[in-house]
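Just so we're aligned, residue 520 is where the sequence shown starts under the working numbering, counting upward by one. Yeah, the Cβ is synthetic: ideal placement off N, Cα and C, and Gly gets one too.
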Amino acid sequence: MLEIDLPLLSPSARAALDALSTAAVVIRDGAVQWANLAAANAGVTEDLGTSRLARALVDSGIAEEAVTAGGRRRRRIGLPTDAAFLDVDVTAAVILDRPDSVLVSFVPPTTGEDTTDEVRSRLEAMLEHTTGIITVLDHEGRIKFSNGNGGLLTGMRGTDANGALAVDFIHPDDIDTAANALAAAMSDSGPQPPVEIRIRFADGQWHDMSASTNNLLDTPGIEGIVVSLHDITERKIAERRLSSLIANLSDVIVVLDREYQVTFASESISSIIDAPADTNLGMNAFNDIHPEDLESAAAALDAAVSAGMGATERIELRLEQRPGSDRWRWVEATIVNLLDDPAVEGLVVTLRDITDARHAGDRLRVAYERERANAERLAELDRLKDDFLATVSHELRTPLAAIIGFVELLRTGGLPPDVASDLLDRVAKSGSEMRTMIENVLDFSAIEAHRVAVRLIPISVAESVAGAISSTGAQLDRHVVVTECDDDVVIADRHGLGHVIRNLLTNAAKYSEAGTTITIRSRRHGPAVSIEVVDEGIGIDPSDQPLVFERFFRAQPATFTARGTGVGLSIASRYVDLMGGTIDVRSVPGRGSVFTVTLPAGG
Ligand code: ADP
């Protein structure tokens, strides 16, 4: 807009003139000195006041006429528009106190009453200045005229291409797309959504173009389909580069819309899901997710959405390889919220297959757990062995001290015969206890080291029981021992069976009062024989009963009642196992216990 020093037009007068839709200019000294907004918009100020409109106003001489008349002047003047000259009513008024300055006003010429030729020539003039290629096709698809850029296609001046068939410029693979777009445009007046087609330029190069059509067949002066073409080659190259980049990524890229529907899936998704990428389009993202992972997946998506643009969430979840296959792949999913990025408008989810890593991790975890359990077991065993050794040395020392003490007494001589014989009995009992313990220790270490082999042969239960009683000897002296074994025969290892029976007998004696009865009996049950050792002793608490066969276990009352190492029954149970039998206990605290060994019958 022209700005001049015009003290006669106060800022408020100028603002008032700017608010008018009527164009107003001040002419002085044969030139436009100032123009209001409407005049500037109509083109008065183009080219620094030498615009065609400004010149037409000045050249009309209406300003001088008003000065000569010393007041107002009004007449029709031909003013230029884009296309032609139109006659417009113009008023000129000399400004008060400034007889050399004239305010010239007029209603800017509009296209309202244009002739079709004017429309067309103005359209052509306009098209000359657009950057894209604009061409008008007739109803047969022939180029009626183009803007100057049309020459890019034809190699001629744009308007010289008239009559060429548009289809000749279109890539054979895109002719269907173009024909459909043209058919749509023909059947519907007004603008149509753009399509992307390849077009050959005059230099022989194919260009990716976005083509939009506008049916102006009924518009006088045009009577054609206006096609505007924009070169999108660069964008397409970038897109192709990007999609080949995405296709070659080992990571899978999936884009979801606000409803979590898949709007894009990269080719590489087939490495996770046995289906082409496009079969996922429009599907709900949750379709393939493992039921147990649905909640965390939904939570992560919701979190990314509510945290807004650019927010990132990461989760691990399982995807089904094929619907219904029940084969799952572990993936790490990174979600980036680009919903508000106009170029993406989605949640971009990058998926990385971590199945192998997860499995390796799981295997490692299992191996680690096993090692840890082993280490714990070994540490526990170590502790138990220490306890065991401490117990054994303690428990051996007591009978040994008794033996040494009694022998010393006997050696002094002069003891009454019954006292001497009692001392000798005690020496024998302590010795027998020591032997049981030492045998237990030896058997225990052999069994622990898996060094025990059994030789299974038919053995008479009665004979084995008699042997055990005689070798237990002194430890049973204070009890009544009753045997009720018929001629049952078992298949067993001789040493093992002897050990088991001896152990049960010494326990029965250890954990019951002197004078009570210990019964040992056998009975045949079809293919098996049971051997029961029954005592009337302190019994075992029901909660302890399953534990008595564990190594080193000693029930509380027993530790007060009798010496022991806690390995006797565990050895017995290992022997019974090796011989293919079973051992169990029934007991009533305060009433007594029944230990039952069942072995295969022999003979
Ligand atoms: P110990 O050397 O302590 O006798 P065992 O392995 O032979 O070791 O027995 C384990 C524990 O079982 C004993 O400490 C005792 O508490 C309990 N027990 C074994 N036999 C009997 C029994 N006949 N009566 C009561 N308790 C018994």
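With distances taken Cα to Cα, identify the nearest neighbour of residue i among the options.
i	options	result
A826	T600, P810, D859, R1042	D859
D969	A987, I873, D1096, D901	Looking at the sequence provided, one finds His at residue 969 rather than Asp. It is D1096.
R592	L598, L572, V613	V613
I756	R837, V1009, M728	M728
I694	A575, R617, A730	A730
G976	D578, P1065, G1121, R833	Checking the displayed sequence, the identity of residue 976 turns out to be Ile instead of Gly. The residue with the shortest Cα to Cα distance from I976 is G1121.
V1019	T1025, E1069, A1091	A1091
R877	R871, L576, W849, E1003	W849
S785	E778, T798, Y779	T798
G507	R1105, H1014, E1069	Absent from the structure is residue 507, since the part of the chain shown begins at 520 and ends at 1122.
V1001	F625, H726, G1034, P710	G1034
D606	E584, D619, L576, L615	L576
A993	S1041, D944, V973, A1011	D944
I792	E753, A823, W847, V686	W847
L897	E967, S951, V911, L942	E967
G1111	I1037, L1066, F1068, G932	I1037
G1087	S706, E958, I1039	E958
V999	V971, A1047, V1053, S990	V1053
V867	R833, G843, R882	R833
G597	V626, L736, R717	V626
S706	T696, L735, G549	L735
G1100	V1113, R884, P1119, R547	P1119
A1011	E839, S747, V1116, V824	V1116
A830	L838, L820, G682	L820
L919	S949, P810, R760, A1047	S949
R533	R571, W725, R1021, L622	L622
Y779	L857, I652, S665	L857
M953	S844, K904, V911, G670	V911
E1141	V960, A894, V885	Because the chain is modelled from 520 through 1122, residue 1141 falls outside the range shown and cannot be assessed.
G1039	Y1030, G1015, D1005, R1013	First, the amino acid is wrong: residue 1039 is Ile here, not Gly. Here the closest residue by C-alpha is D1005.
Who are the near neighbours of residue i in its chain, counting only those whose CB is closer than 7 Å to its CB and skipping five residues on each side?
i	result
R1073	G1083, G1085
L539	N555, A557
D1060	A1074, P1108
G631	Confidence at G631 is low in this model, with a pLDDT of 49, below 50, so the placement of that residue should be treated as unreliable; the coordinate-derived value is given next. Counting only Cβ-Cβ distances below 7 Å, and skipping sequence neighbours, we find nothing.
S624	T541, A542, A543, T610
D657	K663, G743
L764	none
L1066	F1072
D750	H726, M728
I922	V946, S949, G950
Apart from the five residues just before and just after residue i, which ones in its own chain have a Cβ nearer than 8 Å to its Cβ?
i	result
V926	V946
F783	I772, V773, V774, L800, G865
F604	A575, G597, L598
G466	A query on residue 466 cannot be resolved here, the shown segment of the chain reaching from 520 to 1122 and no further.
Per DSSP, which residues does residue i bridge with? Please list them.
i	result
N733	P710, V745
F925	Paired residue(s): none; F925 is not in a bridge.
L870	V771, A852
E1003	R1040
V621	I546, V613
A784	V773
P599	F604
T831	V855
G1111	V1107
F720	According to DSSP, which records beta bridges pairwise, F720 is partnered with nothing at all.
R661	L684
H726	I718
L836	V850
P691	DSSP lists no partner for P691.
L1118	V1048
D750	M728
G865	L857
Spatial neighbours of residue i within its chain, please: CB distance less than 6 Å, with the 5 preceding and 5 following residues excluded, ordered by chain position.
i	result
S979	V1008
D633	Residue confidence is low: D633 scores 49 on pLDDT, short of 50, so the model does not pin down where it sits. Its coordinate-derived value is still stated next. So the list is empty, once near-sequence residues are dropped.
A573	V551, V563
E851	E835, R871, I873
S1031	D1054, E1055, G1056
Under a CB-based cut-off of 7 Å, is residue i close to chain D?
i	result
S708	The structure shown contains no chain D; it holds only a single protein chain.
Sequence ranges, beta strand (DSSP E) only - wholly within the stretch 925-999, length at least 3: As far as the stretch 925-999 is concerned, its whole beta strand (DSSP E) runs of at least 3 residues are 976-979.
Runs of alpha helix (DSSP H) wholly within the stretch 1012-1072 (minimum 4 residues, chain order): Contiguous alpha helix (DSSP H) elements confined to the stretch 1012-1072 occur at 1013-1029, taking only those with 4 or more residues.
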